[in-house]
Every structure is written in structure tokens, then in C-alpha cells.
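Colleague:
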Amino acid sequence: MKVVVSIGGSVLVPEPGADRVAAHAAVVEDLVADGCRVGAVVGGGGVAREYIGAARDLGANEIELDQLGIDVTRLNARLLIAALGEESVTAPAEDYEEAGEALRRGNLCVMGGVAPAQTTDAVGAALAEYVDADLLVYATSVSGVYSDDPNETDDATKYDELSATDLVDAIAGLEMNAGSSAPVDLLAAKIIQRSGMRTIVLDGTDPERIARAVRYGDHEGTDVIPAGAGEEPTYWAGEETTDDHDSELESQQ
1 MKVVVSIGGS VLVPEPGADR VAAHAAVVED LVADGCRVGA VVGGGGVARE
51 YIGAARDLGA NEIELDQLGI DVTRLNARLL IAALGEESVT APAEDYEEAG
101 EALRRGNLCV MGGVAPAQTT DAVGAALAEY VDADLLVYAT SVSGVYSDDP
151 NETDDATKYD ELSATDLVDA IAGLEMNAGS SAPVDLLAAK IIQRSGMRTI
201 VLDGTDPERI ARAVRYGDHE GTDVIPAGAG EEPTYWAGEE TTDDHDSELE
251 SQQ
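Numbering (UniProt numbering), first residue to last: 1 to 253.
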């Protein structure tokens, strides 16, 4: 199973410290040990927004601000890499070819931002499309996709399930500029729509929620189901056991 996990910077590094990063790295390593090929994309979070806000006050333009945000996402990605085992990649991939090659060589790649005017939400969706992933997971600081910002609107409605078209419609009105914060941005939603990528948006502050979603499809977030797909994925990491695999081998002999 190939899975891309996009981890928000505010989820991975809400404040300087090692414990949260180590916990997310452990989940990534466990998924790899389960036989998953994992692409991890790391966002900039609050640290990036602070730098971007300061640079905006100093007169930087939006492209300069985007570049600053990319630098922070790659620093956060390096933190995740530092917490991974010695056999992990040694630096964040800077483009999709490099990331795809890392997945072909082994089981893991890590990315931050790639290009101006493109958030790590979009990077996660594009990487998932590029490597033909089975599943894309957005680990955010909220519990799914809402009709409004749940931090600002008390009666915001959480969607348990959306089509990709509905996802695009739900977030089409969001303002996007450097440092914007949303569970999934519009460009990412459009990539998900065109690729037909099965996607989960969930609260990833507890990294075990990511593990359960990938292994068993068990989560309390939002399922984005591509057109033409069944209600349930055809394969979760947790479905195939050693006994299942042995039985399949015996049937082929």
C-alpha cells in the first residue's frame, strides 16, 4: 500500500520540542514496518505564519513570503527526518521526481514545500497523484472539513463524507495567500478531484489517529470519496495478515 500523509506544521511542531515529532515519526516507521510505502509532507504551521507576518510587515511580496514559508516547511521536514531511523532519507525531497525515486528505492520519502503559490496541502495531493498512492491523509489540527471555520463559528457543520466535487465547493470561498490556514486548500481539492484520490482529513494531533486511519480506515474525520469508488476502500494496510498472505501463496503453488 502506498500512502501519502500530509502533516500540518501546527500538528507536528505546535511549539519547539521533540516529543510530538518523535511520536509522529514512530507512526511513520510503524507503517513502513507494516509494509506501507509512505510519503510524508510537512507543513510550516504557526512558525511559518509568524515569519511570513513579520516579512509582510517589512514589505516582502507574496512570492518572497512563499519562499520563506517553503524554507520553514523544509526545516520542519528535517525535524521529522531527524526523528526517523538511520535508514531514512537524509534530507527533504525538493521535487516530485526526487520524492518518487525515494519511494521506488525504499519505503519512505519526506517533503516540505516545493514552489511559490503552492501550499503543502497541494504538495501532498500532487505527490499522491504522482506516485499513484492508494490513500492520502491530511493530519490537521481540526477534526475534519467543516462548513465554516470551527474556531470562529460555533454552528459550523462537520462533513463526515464528501465527494471530491463537494470538497472543492466547500472550500472555494476561502481566501488564499502566503501563510493561509485551512484543513485542505482549493488547489489541493482540485488535484484530489482530477486524480480521483481517496482522501481522509482528520485531527492528527494524536498520531495514533493517523495509524488507525491507514491501517483500518477507522477515524472520526472526513472521508473524501472519489467518483466511481465504492463506499469502502478496496484495501487497508491492516486487512492483509500474514496468514492471508501465506494462504494466497499456497493457492498459487
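Just so it is clear, CB atoms sit at the ideal spot from N, CA and C, and this is done for glycine as well.
Since this is a predicted model, take the numbers as computed values, not measurements.
Along the chain, where does the beta strand (DSSP E) that runs through residue 223 open and close?
Modeller: For this step, residue 223 is matched to residue 223 along the sequence shown. Per DSSP, residue 223 belongs to the beta strand (DSSP E) from 222-225.
Colleague: Taking the alpha carbon of residue 158 as the reference point, which residue from 142, 63, 227 has its own alpha carbon closest?
Modeller: Translated into positions along the sequence shown, residue 158 becomes position 158. Here the closest residue by C-alpha is 142.
Colleague: If you reduce the DSSP assignment to three classes, tell me which class residue 212 lands in.
Modeller: Numbered from its first residue, the sequence shown carries residue 212 at position 212. It is helical.
Colleague: Hey, quick one: how far does the beta strand (DSSP E) through residue 139 stretch, first residue to last?
Modeller: The residue labelled residue 139 in the question sits at position 139 within the sequence shown. Unbroken beta strand (DSSP E) run through residue 139: 135-140.
Colleague: Beta-carbon separation of residue 99 and residue 39 under 8 Å?
Modeller: For the purposes of this step, residue 99 is identified with residue 99 of the sequence shown, where counting begins at 1. For the purposes of this step, residue 39 is identified with residue 39 of the sequence shown, where counting begins at 1. Yes, the Cβ-Cβ distance between residue 99 and residue 39 is below 8 Å.
Colleague: Can you tell me whether residue 21 is helix, strand or coil according to DSSP?
Modeller: As a working note, residue 21 is residue 21 in the sequence shown. If DSSP states are grouped into helix, strand and coil, residue 21 belongs with the helices.
Colleague: Closer than 8 Å is the cut-off here; do at least three beta carbon pairs connect the segment 12-22 with the segment 32-47?
Modeller: Cβ pair count under 8 Å is three or more, so yes.
Colleague: Identify every run of the beta strand (DSSP E) within the segment 28-78, keeping only runs that are complete inside it and at least 3 residues long; order them along the chain.
Modeller: Correct list: 37-42.
Colleague: What is the DSSP secondary structure of residue 84, counted as helix, strand or coil?
Modeller: Against the sequence shown, residue 84 aligns to sequence position 84. Here residue 84 sits in coil by DSSP.
Colleague: What number of angstroms, rounded off, separates the C-alpha of residue 128 from the C-alpha of residue 64?
Modeller: One-based indexing of the sequence shown puts residue 128 at position 128. One-based indexing of the sequence shown puts residue 64 at position 64. The straight-line gap from Cα to Cα measures roughly 27 Å.
Colleague: Check whether the Cβ atoms of residue 202 and residue 144 lie closer than 8 Å to each other.
Modeller: Residue 202 sits at position 202 when you count from the first residue of the sequence shown. Residue 144 sits at position 144 when you count from the first residue of the sequence shown. Yes, Cβ-Cβ distance for residue 202 and residue 144 is below 8 Å.
Colleague: Rounding to the nearest angstrom, what Cα-Cα distance links residue 176 and residue 160 in this structure?
Modeller: Here residue 176 corresponds to residue number 176 of the sequence shown, with the count starting at 1. Here residue 160 corresponds to residue number 160 of the sequence shown, with the count starting at 1. Confidence at residue 176 is low in this model, with a pLDDT of 47, below 50, so its placement is unreliable and no value can be given for it.
Colleague: Pick out whichever of 17, 26, 120, 135 has its Cα sitting closest to the Cα of residue 214.
Modeller: If you number the sequence shown from 1, residue 214 lands on position 214. The residue with the shortest Cα to Cα distance from residue 214 is 135.
Colleague: Could you give the residue range of the beta strand (DSSP E) that holds residue 218?
Modeller: Translated into the one-based positions of the sequence shown, residue 218 becomes position 218. Counting along the chain, residue 218 falls outside any beta strand (DSSP E), and DSSP gives it neither H nor E.
Colleague: Which of helix, strand or coil does DSSP assign to residue 163?
Modeller: Position 163 of the sequence shown, counted from the first residue, corresponds to residue 163. In the structure shown, residue 163 sits in a strand (DSSP, three-state: E or B).
Colleague: Taking the DSSP output, what are the residues bridged to residue 110?
Modeller: Taking the first residue of the sequence shown as 1, we reach residue 110 at position 110. Residue 110 is bridged to 40.
Colleague: With distances taken between CB atoms, is the gap from residue 51 to residue 68 smaller than 8 Å?
Modeller: Position 51 of the sequence shown, counting from 1, holds the residue named residue 51. Position 68 of the sequence shown, counting from 1, holds the residue named residue 68. Their beta carbons are under 8 Å apart, which means residue 51 touches residue 68 by this criterion.
Colleague: So, using beta-carbon positions, are residue 227 and residue 163 closer together than 8 Å?
Modeller: Mapped onto the sequence shown, residue 227 falls at position 227. Mapped onto the sequence shown, residue 163 falls at position 163. A contact, by the Cβ cut-off of 8 Å.
Colleague: Would you identify the three-state DSSP class for residue 155, choosing helix, strand or coil?
Modeller: Residue 155 sits at position 155 when you count from the first residue of the sequence shown. Three-state result, residue 155: coil.
Colleague: Is it buried or exposed for residue 183, if we count other Cβ within 10 angstroms and need 16 for buried?
Modeller: Here residue 183 corresponds to residue number 183 of the sequence shown, with the count starting at 1. So residue 183 ends up on the buried side.
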